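Reading through the structure tokens given below for one structure.
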């Protein structure tokens, strides 16, 4: 159907006929009319038979003309519409219509009565639409009516022929069966003579029985209900205490009671008498386990029926359960025997021996290994009798059950639960379970022995065992040594043979040796260790030779090696020497269960005065020995291993140079513990050399340590600046941030790796050609300090938010000093931390945009946020601050850049001086929003003067002296007639709060007689306005709303003196000459 209809009904969008009728219906009407007209006589046979042979009957019974269907549907629709109109007319009118109140033509009537009428009319239209839609579908289907009619005729003819064929077969079978009784028996001449002579025979009985009337279905149902009631009464009243516990689960139906013993059988019994003392009678028996026969053979069923009825007559239900329980246990053992014999001929051929016993079964597995081990392994399945079970119901009968015993190496294995599924009897599952436990015992024993070795205790190599009782072939033991070498031990579940992977010439001899042993845990450990050492030795020789490390014969005896390494036992010793080494230097790898050790040995000649002495005074050929800090574990034998060993030596050398430099500058530094291989990064075989540097010795104010809790002093140049910024805090909402410590005292310097950059000429030496990569890690003392800063990176510096650490990566040539560069990087990080803290204190009037190491950006301007206003509106873009400031923290002095339309672009040099002071970032964030109003007003006044005179007769100059003191100078004219009018603007406070004060500061302000400017300004000094007022010789205005009208009043006074003209028009960009004073 078309999905556009209401509630899945089809729409009428495809109709283009008259009154909503479809084109298909109009096309179909002439076709139906033609079909309705009688055909001509000559074509009547062809049309009637539908172009089929005469033997096929044309089916017309049950056909309804399409026109009749559409006519009836039209009548029904018309009648239903009349009824619906009458029904709607009987409904109550809306209240507004009854009262006579006029209704607005545009208003929709939403009264309850009107809505009910609309709902009724919509439901009627929907129902009619669905019926006509079905008629449309039938009309479309009728286009193929001749094909459907032909198919119906063919199917009817085929069904009739099939019935004729089946009837013929049945008739022939009945004839053959009736012929059996066609033979006439020998005539009874004696009876015939007696009947013919006397008319009767006394030996022919005549019972004169009266046939009872047949039972109706109601009578049969009543009898069955009565029988169900009697069974329920008997089982719940009379036999309740004598009912076996296994028969507690039953159900009654169809005149019988069905007892179900889970996993054993189902038994149907009934009664033949209303007397409860009479016995039950057997009806049916079914197995409740698989695999089992769905129905018993007739002979076995007859035996069970006779025997069970006899037991029910004498032993009751308890005897019946005992007999059937024992019968089922015997059947299960026979089923297990059948499956085991089938397995011994197929999958387990030659390895499984099945021995049937007296109501028991023995299955010996791995029989082929008995000749090697001298022991046997088998499973015994038998019936255990005499087990006492008490289920808490007073039923303490002795029940027998199937038990499974497992004998491993001629000894019974106790305390192992071998489950035998009562529902599914499977010899294969039982064998897999036992063999899986046997394999698990062997693999876990080898694993436990391996884990006892010191090598595994130190986690140098891993041993993993996976076992499966359902699939023993999936069990294995994995010995992982190194990143790539691993040995896998598998046991074939059917034969018990061991196999080692990977398959190679090194593994085959040890695999054969293991299969020839008794497969004890010690044998498995020795085999795996020999395989591991052989693989490691082969790998070292093969890949070490590619990197210039070649194997050599041992230069020491076993006793000399024990004296040098203090080791008493090892499996293999591998000796190497590099290409450029002297003949007396060796790298020795000692492989053992205790752990692989790497030694650097210098062996002298067998004779010579330089021989060392051991503890007993004997001469030793070992002149130098050093144990490499690779730990007792494995090593990746790729080429990187030898490269990492060279990096280790170089790192130690560079570390000593850096420690000496730091100590010369009085900075405390200590070398951290070298650690073991566990401390090495992933994929690296040597440890990382690292040092711990005291950060407080370089920057005391940054460190929260033992002697530096917080920084001392406010940090600004004078107390006036601090006081002025405190006044600005009152009306901007920003807070001045004082320097606080934020870092731990310990800065960890780690020497990562070496880089050798390509050089066109190598004439300087390899020491100066190598570049050492060093990482310095600084940890933040307070984890919540930079909670708003995510992970960021800039150049060689990065911040890891999840760890709360800054990482500085330095790439420097060997021998190049480190202190100067690392100090510069730490200073950049300190500026970033100060910015984050200042931004948090000034979030009422400053919005941060970008915060990266070395570069930050924020916006300011606009109205400050309220106390309870959240930052969500700012983030949603509803309150976007107009001006943006960019701070470049990566240079020696912080660089400041503001937007071109910002009012602070004229004092950009003053911003650079302010931000580079101590605590200058926090002071900048307080001063910027505090000075927006006054600087924006000065910018407006300056633009107005530039528009009013094209010859620049009046120029405005701004000079910043301090954060709260600025000077405004009007330069009138040029040359000898130049005149300067200056004003000082200061921020001071009284009891009412902070105010901007303006007073004239040029020579004309101190004269006895006021000049023309003084007369013009006197109106300002004596006047007042919105949030500003005059004081006779000066004026003051509030920082937010009063300073602008106050400055505009002063500017208007100057304009009246000068005679300003043309104050309209667009403002053109002009230069402001700014003089910045410290």
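Residue numbers (full-length UniProt numbering): 1 to 1078. Just so it is clear, CB atoms sit at the ideal spot from N, CA and C, and this is done for glycine as well. The structure displayed is predicted, hence computed values, not measured ones.
Which stretch, first to last residue, makes up the alpha helix (DSSP H) that contains residue i?
{"i": "residue 537", "result": "521–546"}
{"i": "residue 929", "result": "920–930"}
{"i": "residue 320", "result": "316–345"}
{"i": "residue 256", "result": "No alpha helix (DSSP H) holds residue 256; the beta strand (DSSP E) holding it covers 256–261."}
{"i": "residue 982", "result": "Per DSSP, residue 982 belongs to no alpha helix (DSSP H); it is in the beta strand (DSSP E), 979–990."}
Give me the Cα-Cα distance between residue i and residue j, rounded to the nearest whole angstrom.
{"i": "residue 833", "j": "residue 786", "result": "7 angstroms"}
{"i": "residue 452", "j": "residue 690", "result": "33 angstroms"}
{"i": "residue 136", "j": "residue 178", "result": "59 angstroms"}
{"i": "residue 323", "j": "residue 317", "result": "10 angstroms"}
{"i": "residue 773", "j": "residue 818", "result": "11 angstroms"}
{"i": "residue 971", "j": "residue 1011", "result": "16 angstroms"}
{"i": "residue 535", "j": "residue 478", "result": "15 angstroms"}
{"i": "residue 1016", "j": "residue 1053", "result": "5 angstroms"}
{"i": "residue 175", "j": "residue 165", "result": "16 angstroms"}
{"i": "residue 85", "j": "residue 116", "result": "14 angstroms"}
{"i": "residue 1047", "j": "residue 963", "result": "18 angstroms"}
{"i": "residue 382", "j": "residue 329", "result": "9 angstroms"}
{"i": "residue 359", "j": "residue 302", "result": "24 angstroms"}
{"i": "residue 941", "j": "residue 827", "result": "41 angstroms"}
{"i": "residue 644", "j": "residue 651", "result": "10 angstroms"}
{"i": "residue 1034", "j": "residue 1042", "result": "14 angstroms"}
{"i": "residue 443", "j": "residue 379", "result": "20 angstroms"}
{"i": "residue 696", "j": "residue 991", "result": "44 angstroms"}
How would you call residue i, buried or exposed, if buried means at least 16 neighbouring beta carbons within 10 angstroms?
{"i": "residue 472", "result": "buried"}
{"i": "residue 308", "result": "buried"}
{"i": "residue 54", "result": "exposed"}
{"i": "residue 813", "result": "exposed"}
{"i": "residue 919", "result": "buried"}
{"i": "residue 596", "result": "buried"}
{"i": "residue 267", "result": "buried"}
{"i": "residue 847", "result": "buried"}
{"i": "residue 1044", "result": "buried"}
{"i": "residue 929", "result": "buried"}
{"i": "residue 860", "result": "buried"}
{"i": "residue 1075", "result": "Its pLDDT being 34, under 50, residue 1075 is placed unreliably in this model, and the value from its coordinates should be taken loosely. Exposed: under 16 other Cβ atoms inside 10 Å."}
{"i": "residue 184", "result": "exposed"}
{"i": "residue 1051", "result": "buried"}
{"i": "residue 279", "result": "buried"}
{"i": "residue 609", "result": "Note on residue 609: pLDDT 46, under 50, position unreliable in the model; the coordinate value appears next. Exposed is the call here."}
{"i": "residue 553", "result": "exposed"}
{"i": "residue 220", "result": "exposed"}
Just reading off the beta strand (DSSP E) that residue i is part of, what are its end residues?
{"i": "residue 957", "result": "954–962"}
{"i": "residue 904", "result": "Taken as a continuous stretch (DSSP letters only), residue 904 belongs to no beta strand (DSSP E), as it is neither H nor E."}
{"i": "residue 597", "result": "597–603"}
{"i": "residue 753", "result": "746–755"}
{"i": "residue 792", "result": "792–794"}
{"i": "residue 284", "result": "280–287"}
{"i": "residue 882", "result": "Here residue 882 belongs to no beta strand (DSSP E), and DSSP marks it neither H nor E."}
{"i": "residue 270", "result": "265–271"}
Please state whether DSSP places residue i in a helix, a strand or coil.
{"i": "residue 1025", "result": "strand"}
{"i": "residue 63", "result": "coil"}
{"i": "residue 209", "result": "coil"}
{"i": "residue 1041", "result": "coil"}
{"i": "residue 248", "result": "coil"}
{"i": "residue 845", "result": "coil"}
{"i": "residue 804", "result": "coil"}
{"i": "residue 198", "result": "helix"}
TODO: Tell me, please, whether the region 1018–1025 touches the region 905–913 by the rule of three or more beta-carbon pairs shorter than 8 angstroms.
DONE: The region 905–913 and the region 1018–1025 do not touch, with fewer than three beta-carbon pairs separated by less than 8 angstroms.
- [ ] Could you tell me whether the region 462–476 touches the region 399–413, using the rule of 3 or more Cβ pairs below 8 angstroms?
- [x] no
Task: contact_flag[the region 487–505, the region 519–536] where n(CB pairs < 8 angstroms) is 3 or more - done: yes
Task: Three-pair Cβ contact test at 8 angstroms for the region 138–148 versus the region 62–81 - done: Yes, they touch.
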